[in-house]
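Written below as C-alpha cells is the structure these notes are about.
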Amino acid sequence: MKARRLVLQATVMGFSANIATIKIGNPAKEHELKDYTDLVCPQDKKKPQFEMSKYRCTCGFSTTTWQGLLRVLKGTTTPLEMPTLTKGNSEAEIARIYKMTLEAFAKIADYVDPKDAERPVTAEDEASIVNLYKLIVAQAETNHIIILKWNDTKEQVIALLTTTQSGKIIVRKIIPPNLVVVGDSLMLDKSKMSDEDIEEAKQFLKQIPDATKDVLEVADYRIKQFQVHQPEEQKVTAISSIMEKARTRKDIVKETNKREIVVEVQTSKKKQKK
Ligand SMILES: [Zn+2]
Numbered sequence: 663m664k665a666r667r668l669v670l671q672a673t674v675m676g677f678s679a680n681i682a683t684i685k686i687g688n689p690a691k692e693h694e695l696k697d698y699t700d701l702v703c704p705q706d707k708k709k710p711q712f713e714m715s716k717y718r719c720t721c722g723f724s725t726t727t728w729q730g731l732l733r734v735l736k737g738t739t740t741p742l743e744m745p746t747l748t749k750g751n752s753e754a755e756i757a758r759i760y761k762m763t764l765e766a767f768a769k770i771a772d773y774v775d776p777k778d779a780e781r782p783v784t785a786e787d788e789a790s791i792v793n794l795y796k797l798i799v800a801q802a803e804t805n806h807i808i809i810l811k812w813n814d815t816k817e818q819v820i821a822l823l824t825t826t827q828s829g830k831i832i833v834r835k836i837i838p839p840n841l842v843v844v845g846d847s848l849m850l851d852k853s854k855m856s857d858e859d860i861e862e863a864k865q866f867l868k869q870i871p872d873a874t875k876d877v878l879e880v881a882d883y884r885i886k887q888f889q890v891h892q893p894e895e896q897k898v899t900a901i902s903s904i905m906e907k908a909r910t911r912k913d914i915v916k917e918t919n920k921r922e923i924v925v926e927v928q929t930s931k932k933k934q935k936k
C-alpha cells in the first residue's frame with residue numbers, strides 16, 4: 663500500500679457522488695537499526711564495499727553476509743550492544759498485562775500510532791479463553807485498553823490486546839513513544855460527539871452503498887497472472903460457543919445482563935454468515 667491521494671466515491675443507481683478526498687499517508691514508523699547504526703569491518707572498523715557478492719574491506723577482510731560485519735553506533739567505532747532478553751529456551755515468556763483509559767491512551771496515541779503489525783491470538787485452554795473474553799469485554803465496556811509487554815529475543819514488545827473489525831482477537835504491536843518517528847494522521851475524539859452529530863452521520867451513511875462479496879476481492883495482475891491457492895482452512899474459534907459451555911457449568915463466569923447481550927450479538931452474527 664503506497665502513500666497516495668484517493669477520492670472516496672459512492673455510486674448508487676448510476677449516479678456518482680464524491681464523498682471525500684483523503685490521503686493515505688506513511689505510517690508512523692519505528693526507528694530502525696540502520697537509522698542509527700553502521701555495519702563496519704570487525705578488524706579496523708572501516709566501512710566495507712559490497713563487490714562481487716562479498717563485503718570487502720581495504721584491510722583485506724571479507725565476508726559474504728552482513729552478519730559477519732560489526733554493528734557500531736552511527737559515525738563511531740563503538741560496537742552496538744544487543745543483550746539477549748529471553749532465556750533462550752522454548753518455555754513461554756511472561757507478558758505483563760496492564761490497562762489504561764482510552765482517554766489517557768489518546769493523549770499519547772499521537773506518537774504511539776499502532777504499527778502495521780498484528781498477530782492473531784489463540785489460547786491453550788478454556789480458562790484462558792474465558793479470561794481473554796473478559797478482558798476484551800471489559801475494555802469495550804469501560805473505555806480502557808489492555809496493554810501487554812514482553813521480552814522478545816533482543817527487544818521489548820509493547821502491544822495492545824484487541825480485536826480486528828471482524829472480531830478476531832489479536833495483539834497489535836505499538837511503537838514505544840521513545841522510539842517513534844511520527845506520521846501524519848487524523849484523530850477521532852469520540853467523547854466530543856454530540857447526539858446531533860450522530861444523527862447526521864446516520865443520515866449520511868444512507869448515501870453509501872452496501873458492499874457485496876466482490877467488493878472485498880481484487881481483480882488486478884495478481885489474480886490474472888498468479889496461481890492463487892486458497893489458504894488451508896484456519897482454525898477460528900468462536901468465543902461465544904466456549905462461553906456457552908463455561909456458563910452451563912456455572913463455575914467460571916458470573917452472569918451479568920450486559921455480557922448476555924454481547925454473546926447474543928456474536929452468536930447471531932455467526933449465524934448470518936452461514
Ligand atoms: Zn578492515
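Residues in the sequence shown are numbered from 663 upward in steps of one, following this note's numbering.
The C-beta atom is built at its ideal place from N, Cα and C for all residues, glycine as well.
Buried versus exposed, by CB contacts within 10 Å (16 or more), residue i
{"i": "Lys821", "result": "Reading off the sequence shown, one finds Ala at residue 821, where the question assumed Lys. Ala821 comes out buried."}
{"i": "Lys854", "result": "exposed"}
{"i": "Thr699", "result": "buried"}
{"i": "Ser790", "result": "exposed"}
{"i": "Asp913", "result": "Low confidence applies here, because Asp913 scores a pLDDT of 48, under 50, leaving its location unreliable; read the following figure in that light. Asp913 comes out exposed."}
{"i": "Arg667", "result": "exposed"}
{"i": "Ser902", "result": "buried"}
{"i": "Glu922", "result": "Residue placement at Glu922 is flagged as unreliable, the pLDDT there being 33, under the threshold of 50; a coordinate-derived value is accordingly withheld."}
{"i": "Lys769", "result": "exposed"}
{"i": "Val880", "result": "exposed"}
{"i": "Met675", "result": "exposed"}
{"i": "Lys886", "result": "exposed"}
{"i": "Lys816", "result": "exposed"}
{"i": "Leu823", "result": "buried"}
Identity of the residue in the options nearest residue i by Cα
{"i": "Cys721", "options": "Leu794, Pro704, Thr824 and Ile807", "result": "Pro704"}
{"i": "Thr763", "options": "Gln801, Ala873, Lys816 and His693", "result": "Gln801"}
{"i": "Leu670", "options": "Thr683, Lys664 and Glu817", "result": "Thr683"}
{"i": "Pro745", "options": "Val880, Gln869 and Asn813", "result": "Asn813"}
{"i": "Gln729", "options": "Glu755, Val702 and Cys719", "result": "Val702"}
{"i": "Phe677", "options": "Thr738, Gln818 and Gln869", "result": "Gln869"}
{"i": "Leu841", "options": "Val819, Leu850 and Thr824", "result": "Val819"}
{"i": "Thr825", "options": "Thr727, Pro838, Ile837 and Ile808", "result": "Ile808"}
{"i": "Glu743", "options": "Phe767, Arg733, Ser752 and Gly737", "result": "Arg733"}
{"i": "Lys761", "options": "Gly750, Lys716 and Val799", "result": "Val799"}
{"i": "Ala672", "options": "Lys907, Asn793 and Val877", "result": "Val877"}
{"i": "Val833", "options": "Ala873, Ile759 and Ala766", "result": "Ile759"}
{"i": "Ala665", "options": "Met905, Arg909, Ser847 and Ile904", "result": "Ser847"}
{"i": "Ser715", "options": "Thr727, Lys707 and Phe723", "result": "Thr727"}
{"i": "Met905", "options": "Ile885, Glu788 and Gln827", "result": "Glu788"}
{"i": "Leu747", "options": "Glu755, Thr740 and Lys685", "result": "Glu755"}
{"i": "Pro839", "options": "Lys707, Glu692 and Tyr717", "result": "Glu692"}
{"i": "Met849", "options": "Phe767, Leu695 and Gln711", "result": "Phe767"}
Contact test: residue i Cβ vs ligand 1 heavy atom, cutoff 8 Å
{"i": "Gln705", "result": "yes"}
{"i": "Thr720", "result": "yes"}
{"i": "Pro741", "result": "no"}
{"i": "Pro782", "result": "no"}
{"i": "Lys970", "result": "One cannot answer for residue 970 here, as it falls past the ends of the chain, which runs 663 to 936."}
{"i": "Phe712", "result": "no"}
{"i": "Phe767", "result": "no"}
Residue range of the unbroken alpha helix (DSSP H) whose run includes residue i
{"i": "Leu609", "result": "Residue numbering for the chain in the displayed model covers 663 to 936; residue 609 lies beyond these limits and cannot be assessed."}
{"i": "Asp700", "result": "Asp700 -> not in any alpha helix (DSSP H); beta strand (DSSP E) instead, spanning Thr699 to Val702."}
{"i": "Lys835", "result": "From DSSP, Lys835 is part of no alpha helix (DSSP H) but of the beta strand (DSSP E) over Ile831 to Ile836."}
{"i": "Glu743", "result": "Unbroken run through Glu743: none, as it is neither H nor E."}
{"i": "Ile870", "result": "That residue, Ile870, is in no alpha helix (DSSP H); it is neither H nor E in DSSP."}
{"i": "Lys707", "result": "Where Lys707 is concerned, there is no enclosing alpha helix (DSSP H), given that its DSSP letter is neither H nor E."}
{"i": "Gln729", "result": "First-last for Gln729: undefined, no H or E at that position."}
{"i": "Lys886", "result": "Tyr883 to Gln887"}
Span of the beta strand (DSSP E), counted from its first residue to its last, around residue i
{"i": "Lys761", "result": "Ala757 to Thr763"}
{"i": "Lys716", "result": "Lys716 to Arg718"}
{"i": "Gln671", "result": "Arg666 to Val674"}
{"i": "Gln827", "result": "Careful: Gln827 lies outside any beta strand (DSSP E) and carries neither H nor E."}
{"i": "Leu735", "result": "Leu732 to Leu735"}
Any non-hydrogen atom of ligand 3 within 8 Å of residue i CB
{"i": "Cys703", "result": "Within the structure as shown, ligand 3 is missing, the only ligands being ligand 1."}
Cβ of residue i within 9 Å of any chain D Cβ
{"i": "Gln827", "result": "The displayed structure is made up of one protein chain only, and chain D is not part of it."}
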